[in-house]
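Worksheet: the structure to be examined is printed underneath.
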Amino acid sequence: MAAPETGAGLFGEKAGFWVVEIDRFQGPLDLLLHLIRVQDVDVFDIPIARITDQFLRAVKEIHATQLDSAGEFLEMAATLVRIKAQMLLPRYGDDEEADPRAELVRRLLEYEQIREISARLQTAEAERGRRFGKGYVEARPRPTLEDTPLETGWEEVMEAALAVEMPDPRDVEHRVRVRPVAMETKVALILDALGRATRVEFSRLLRGVEGLQARMHGVMTFLASLELTRRRAVYLRQVNPFSELWIYRRDPETEGAADESAGATDDAAEATDDAGGDRPETTTQESP
Amino acid sequence: MNASQIVEAVLFASDAPLKAEEIARADESLDEDRVEEAVRELRVFYDETERSFQIVEVAEGYQILTRPEFSSYLERFDTVPRPSRLSGPALETLAIIAYRQPIGRVEVEYIRGVGSAGVIRSLQDRGLVDVVGRAEGLGRPLLYGTSARFLEHFGFGSLDDLPRPEELPVVLRERVPLLPEGEQEDGGAEPGVAAGAEAAQLDLPDG
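Those sequence lines, one after another, are chains F and B.
The opening position of the first sequence corresponds to residue 930 in the numbering used here, with each subsequent residue numbered one higher.
The opening position of the second sequence corresponds to residue 9 in the numbering used here, with each subsequent residue numbered one higher.
Take a look at the structure:
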């Protein structure tokens, strides 16, 4: 090792403290700048051997899964090693122009300046964000229909369930309404369709149904398929929200739960009716 | 109906910045100078009467915006999505493009030290960066520059509002002579070496 590198071994002890998380850096220049700034090294006289060692150690942490960014770090590592080698070669004349580190220094300073400008831009952005032009507050809030993923945990459901106060059943007036479409009809329809094929599209079951009753037919067909799922006669499958819902026939080996009556789904029928029964596909059901 | 009132009405009704010449179209009695004079009068009036809004110079035009100190009240309304904050890489790339425009992708990548195609594309999608031409040379690469939307996003009146390099506290404590042209040390290791060398000096764009 040449003269400037004599301190490298000594530093190696201390270097153990430099635990560098490569993910934190936006690129090789960012990492290099960090190594230089955190050790208060003179940018114009970078101890290239020491910095190169530290850089290589950090690069080793890159996992094979991050090969994309690894290339950029490795390229810089190669540059550093080359500069290090050039530093060892005797130089003719000692004008600064021949310093192999010069281009690297220029890039580092330039990059640091860009970083500073980015910080200024961020401040300007935040400042602008605090001012509002006309039209910021909408006249009337519109309901947003979004496909929001369910983020509720089981504990929250439990908590909510426990918090619900049960109404006094004597206060509730029960109203019986005649359903124009019977669920049992739909159950039969599904079973009939599945007698001929192992699976059937939900939409196929509604083919030919039109007019005012279409919605009710959709709801009842969906309830019927849910009921059959409960009876373990079928299972439902849907790849994406709003995509086609498939009803599959279940193998007869898994029977046993078909002894319950169909009465339990009445409450659910009310709820589904209110919450837009014309889009039954929103619920994804899969066999356990 | 005086000029100030007309200018105020036009600015009030607009939800985007308007250039003085655009405002002047409102009436035959107006020209750019009259509009600017009216804006000055209105600004004094708004200050004196402690309005919650100001006429701000944005993207080479004028826009009525609320004063920043009222943001906490307005942030309670989130009916209109506000432009989201840009990421670190996006800001870095924008900074380079803003100061070096027109600039090609390879030069941006050399300065950042990392691939930037994705970032540039997303900046383009957001309308913050536009293709402004093609460079001479092999493959005639696309050149990028900042858009009016860029100025709006950061609340800049014009590119002159960008921080000047000499105002920056860090780096370039002194400019030492580094590599003269044609004396590049980098062999084939880094792509875009020539482009990077050209861009050695951080210059403000003209105008």
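Even for Gly, the Cβ is constructed at its ideal location relative to N, Cα and C.
For residue i, three-class secondary structure by DSSP
i, result
"Leu1018 (chain F)", "coil"
"Thr74 (chain B)", "strand"
"Asp168 (chain B)", "helix"
"Gly96 (chain B)", "helix"
"Phe85 (chain B)", "coil"
"Val972 (chain F)", "helix"
"Gly1000 (chain F)", "helix"
"Met1087 (chain F)", "helix"
"Val1066 (chain F)", "coil"
"Ile1043 (chain F)", "helix"
"Asp1028 (chain F)", "coil"
"Gly956 (chain F)", "coil"
"Glu1080 (chain F)", "coil"
"Val1093 (chain F)", "coil"
"Glu193 (chain B)", "With a pLDDT of 39 at Glu193 (chain B), under the threshold of 50, the modelled position of this residue cannot be trusted, and the question is left open."
"Phe1222 (chain F)", "No statement about residue 1222 (chain F) is possible, as the shown extent of chain F runs from 930 to 1217 and does not include it."
"Ser1190 (chain F)", "Per-residue confidence for Ser1190 (chain F) stands at a pLDDT of 39, beneath the threshold of 50, marking its modelled position as unreliable; no derived number is given."
"Glu1054 (chain F)", "helix"
"Glu990 (chain F)", "coil"
"Met216 (chain B)", "It is not possible to answer for residue 216 (chain B), since the shown part of chain B is limited to 9 through 215."
Residue i: contacting residues in chain B (beta-carbon distance under 7 Å)
i, result
"Leu1050 (chain F)", "Leu99, Leu102, Ala103 and Phe162"
"Asp1059 (chain F)", "Contrary to the premise, residue 1059 (chain F) reads as Arg rather than Asp in this sequence. In chain order: Pro76 and Ser79."
"Ile980 (chain F)", "Within chain B, no residue comes near Ile980 (chain F); the closest Cβ sits about 15 Å away, beyond 7 Å."
"Met1016 (chain F)", "Correct list: empty, because the minimum Cβ distance to chain B is about 11 Å."
"Glu990 (chain F)", "None at all; the shortest Cβ gap to chain B is about 17 Å."
Any non-hydrogen atom of the ligand GTP closer than 8 Å to residue i Cβ
i, result
"Gly1124 (chain F)", "For the ligand GTP, the structure offers nothing, since it holds no ligand at all."
8 Å Cβ cut-off: residues of chain F touching residue i
i, result
"Gln71 (chain B)", "Gly1062"
"Val64 (chain B)", "Arg1060"
"Gly96 (chain B)", "Gln955 and Ser1047"
"Leu82 (chain B)", "Phe1061, Tyr1065 and Val1066"
7 Å Cβ cut-off: residues of chain F touching residue i
i, result
"Asp23 (chain B)", "Gly1062, Lys1063 and Gly1064"
"Tyr54 (chain B)", "None at all; the shortest Cβ gap to chain F is about 14 Å."
"Arg93 (chain B)", "Glu1054"
Under 8 Å from the C-beta of residue i: neighbouring residues of chain B
i, result
"Met1149 (chain F)", "Those within 8 Å of Met1149 (chain F) in chain B number zero; the least Cβ separation is about 38 Å."
"Met1005 (chain F)", "Gly121"
"Glu1088 (chain F)", "Per Cβ cutoff of 8 Å: no residues; Glu1088 (chain F) is ~27 Å from chain B at best."
"Glu1001 (chain F)", "Gly121, Val122 and Gly123"
Chain F contact residues for residue i, given Cβ-Cβ distances below 9 Å
i, result
"Arg4 (chain B)", "Any answer about residue 4 (chain B) is impossible in this case: the structure gives chain B only from 9 up to 215."
- prompt: Considering only residues of the region 1104-1187 of chain F, which uninterrupted alpha helix (DSSP H) runs meet the minimum length of 4 residues and lie entirely inside it, listed in chain order?
  reply: 1112-1125, 1131-1134 and 1143-1159
task: Take every Cβ of the region 37-47 of chain B, pair it with every Cβ of the region 9-20 of chain B, and state whether three or more of those distances are shorter than 8 Å.
output: yes
query: Fully enclosed by the region 23-76 of chain B, which alpha helix (DSSP H) runs are 4 residues long or longer?
result: 28-32 and 40-56
field: Secondary structure, beta strand (DSSP E): runs of 3+ residues fully inside the region 108-174 of chain B
entry: 137-142 and 150-154
- prompt: Are at least three pairs of beta-carbons, each pair with one atom in the region 102-118 of chain B and one in the region 136-143 of chain B, less than 8 Å apart?
  reply: yes
message: Under 7 Å, CB to CB, which of the residues in the region 955-972 of chain F have a partner in chain B?
response: Gln955, Gly956, Pro957 and Leu958
- request: Would you check if the region 1081-1095 of chain F and the region 95-105 of chain B touch, i.e. whether three or more CB-CB distances between them fall below 8 Å?
  value: no
message: At a CB distance below 7 Å, what residues from the region 135-155 of chain B approach chain F? Give them in sequence order.
response: none
At least 3 beta-carbon pairs within less than 8 Å: the region 1047-1054 of chain F vs the region 54-64 of chain B: no
- prompt: So, do the region 1157-1170 of chain F and the region 1104-1122 of chain F have three or more beta carbon pairs nearer to each other than 8 Å?
  reply: yes
query: Any chance the region 1102-1115 of chain F sits against the region 1140-1153 of chain F, with 3 or more Cβ pairs inside 8 Å?
result: yes
query: Which residues, in order along the region 118-129 of chain B, keep a beta-carbon less than 9 Å from a beta-carbon of chain F?
result: Tyr118, Ile119, Arg120, Gly121, Val122 and Gly123
message: Does the structure place the region 1166-1176 of chain F close enough to the region 1136-1144 of chain F that three or more beta carbon pairs sit under 8 Å?
response: no
- prompt: Within the chosen definition, does the region 1059-1068 of chain F reach the region 115-129 of chain B through at least 3 CB pairs nearer than 8 Å?
  reply: no
task: Decide yes or no for the touch test of the region 130-139 of chain B against the region 155-165 of chain B: beta carbon pairs closer than 8 Å, at least 3 of them.
output: yes
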